[in-house]
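Enquirer: In the order they appear, the protein sequences are chains W and R. When we follow the numbering used here, the leftmost residue of the first sequence carries the number 920, and every step to the right adds one. When we follow the numbering used here, the leftmost residue of the second sequence carries the number 399, and every step to the right adds one. For each residue, glycine too, the CB sits at the ideal point set by N, CA and C. Just dropping this structure here.
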Amino acid sequence: AQKVTQAQTEISVVEKEDVTLDCVYETRDTTYYLFWYKQPPSGELVFLIRRNSFDEQNEISGRYSWNFQKSTSSFNFTITASQVVDSAVYFCALSEAEDDYKLSFGAGTTVTVRA
Amino acid sequence: DVKVTQSSRYLVKRTGEKVFLECVQDMDHENMFWYRQDPGLGLRLIYFSYDVKMKEKGDIPEGYSVSREKKERFSLILESASTNQTSMYLCASSRDREINEQYFGPGTRLTVT
């Protein structure tokens, strides 16, 4: 069964628009970690954030913000005032305590920001 | 900064050839991983290693093997390459079980003809 679902395959926005990427996860563990990665056209995945299941506080880093809601098993990612350099594939991932070496990745959301 | 390097960015091999993909990390990380990435499927784990000479199968190990003789180096081996192994291969490492975010190399795009 898919542990991480990214329902949006592609999103296209105009520069300066906000864009929110959805991530829904599934786990029976009470201790787990959630991640977001960015894969620009160059191909190398870049680590953006890790949150543990006990910290539901939202996080903001510059134009990026993350909304973690355990009640809906979601860990959504918002880019505010998008820029062309934000064009990339974004992956959400889950690591469960039972198997914490491994990350289960969603299928990814391709974001295209048009000038 | 963590640096994960992979031996080739692009590789073209013929069906039946033995293929070696090399990955090196410079941050003394315990764990190393090999993934393949295909459109619409995200990243799928092939094998990982949590220590030298230790390995575990991931979700899609068939047709692959791995070797980790030194802590910094993790090799992926395709014993007899097939066209359905044409893909992007990504190597990653993570410090340990506590600090488990993974850092990725640039990837190797392998084409098997």
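Counting Cβ pairs, one atom from each stretch, are 3 or more of them under 8 Å apart for the segment 968-984 of chain W and the segment 442-450 of chain R?
Expert: The answer is no - the segment 442-450 of chain R does not touch the segment 968-984 of chain W, with fewer than three Cβ pairs under 8 Å.
Enquirer: For G440/R, which residues in chain W fall below 7 Å Cβ to Cβ?
Expert: F1010, F1024, G1025, A1026 and G1027, listed in chain order.
Enquirer: Could you check whether G440/R and G1027/W sit closer than 8 Å to each other, using their CB atoms as the reference points?
Expert: Yes, they are a contact pair.
Enquirer: Which residues does DSSP list as the beta-bridge partners of D449/R?
Expert: Its beta-bridge partners are M452/R.
Enquirer: Just curious, the beta strand (DSSP E) that E420/R is in, first and last residue?
Expert: V417 to Q423 is the span of the beta strand (DSSP E), which, as asked, contains E420/R.
Enquirer: If we define contact as Cβ-Cβ less than 8 Å, is R947/W a contact residue for chain R?
Expert: No, because no Cβ of chain R sits closer than 8 Å to the Cβ of R947/W.
Enquirer: For the segment 427-435 of chain R against the segment 487-498 of chain R, are there 3 or more C-beta pairs whose distance is under 8 Å?
Expert: As far as the Cβ criterion goes, the segment 427-435 of chain R touches the segment 487-498 of chain R, which means the pair count is three or higher.
Enquirer: Apart from the five residues on each side of it in sequence, which residues of its chain come closer than 7 Å, Cβ to Cβ, to A479/R?
Expert: Only K411, T413, G414, E415, V417 and V510 meet the Cβ criterion.
Enquirer: The segment 977-993 of chain W: which residues have C-beta closer than 8 Å to a C-beta of chain R, in chain order?
Expert: Cβ contacts with chain R come from no residue of the segment 977-993 of chain W.
Enquirer: Taking 8 Å as the CB-CB limit, is R969/W close to chain R?
Expert: Chain R, which has a Cβ nearer than 8 Å to the Cβ of R969/W, makes this yes.
Enquirer: By how many angstroms is the C-alpha of E420/R removed from the C-alpha of T928/W?
Expert: Their Cα atoms are separated by approximately 31 Å.
Enquirer: Report the option in D937/W, E936/W and V943/W whose CA atom is closest to the CA atom of Q988/W.
Expert: Q988/W has its Cα closest to that of V943/W, out of D937/W, E936/W and V943/W.
Enquirer: Compute the distance between the beta-carbons of V933/W and V1030/W, then report whether it is under 8 Å.
Expert: No; because the gap between Cβ atoms is not below 8 Å, this pair is not in contact.
Enquirer: Taking all protein chains shown into account, do 16 or more other C-beta atoms lie within 10 angstroms of the C-beta of V923/W, making it buried, or fewer, making it exposed?
Expert: So V923/W ends up on the buried side.
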